[in-house]
């Protein structure tokens, strides 16, 4: 029973989506973090666009050198962290949510991550500009649980795309592997390990 519970917990953790939440306002950041956690998302929250880029490993010269960002490398110095979505405030000091969106979509390694913009201001030109740049959604604050429920289809679409890319990168798909087994001359031959007698 305990093993089954541990296995179920492990499987739930493996399938849990990880969202990077970016907002300079502590109250809004805590609200979105709580809503996402209530909906079973793993959340990392930061207070600026530059900290989001730093978390992703895109700060500084990494992207300019066309090298992989730190968050893509599972090495001793950087923990490999998979981000499935970024949700960011639009209006922040320094780097706006729109600027962060553009940086993410220009990135070689993170361009396919869904980005959602949120704002307390309902400005149609701003909303259209973000959607044209590649934002999946634009939420008006205060963000509500019904808004968070709209995220799952974008996350599932991203996960399906990742799985397709992984399958394309593998030389043998399942069907070809099965054909090789069925057509193998060794298929009907009895195999014996050395030193064992068959009675």
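Numbering (my numbering), first residue to last: 1415 to 1613. The beta-carbon is built from N, C-alpha and C at its ideal position, and this holds for glycine as well. Here the structure is a predicted model, which is why all the values come from computation and not from measurement.
How should residue i be labelled, buried or exposed, when 16 other C-beta atoms within 10 angstroms of its C-beta is the threshold for buried?
i            : result
residue 1463 : buried
residue 1441 : exposed
residue 1559 : exposed
residue 1511 : buried
residue 1508 : exposed
How many Å lie between residue i and residue j at the Cα?
i            : j            : result
residue 1451 : residue 1542 : 29 Å
residue 1455 : residue 1438 : 20 Å
residue 1533 : residue 1469 : 22 Å
residue 1514 : residue 1448 : 22 Å
residue 1557 : residue 1564 : 11 Å
residue 1517 : residue 1504 : 14 Å
residue 1446 : residue 1500 : 12 Å
Could you check how far apart the C-beta atoms of residue i and residue j are, in whole angstroms? I think they sit under 8 Å.
i            : j            : result
residue 1529 : residue 1550 : 6 Å
residue 1544 : residue 1552 : 6 Å
residue 1562 : residue 1473 : Incorrect: roughly 28 Å between the Cβ atoms, too far for contact.
residue 1443 : residue 1459 : 5 Å
Taking only three categories from DSSP, how would you classify residue i?
i            : result
residue 1527 : coil
residue 1533 : strand
residue 1432 : strand
residue 1441 : helix
residue 1503 : strand
Go through its chain and collect everything with a Cβ distance to residue i's Cβ below 7 Å, but skip five positions before and after it.
i            : result
residue 1496 : 1432
What does a CB cutoff of less than 6 Å around residue i pick up in its chain, not counting 5 residues either side in sequence?
i            : result
residue 1430 : 1456
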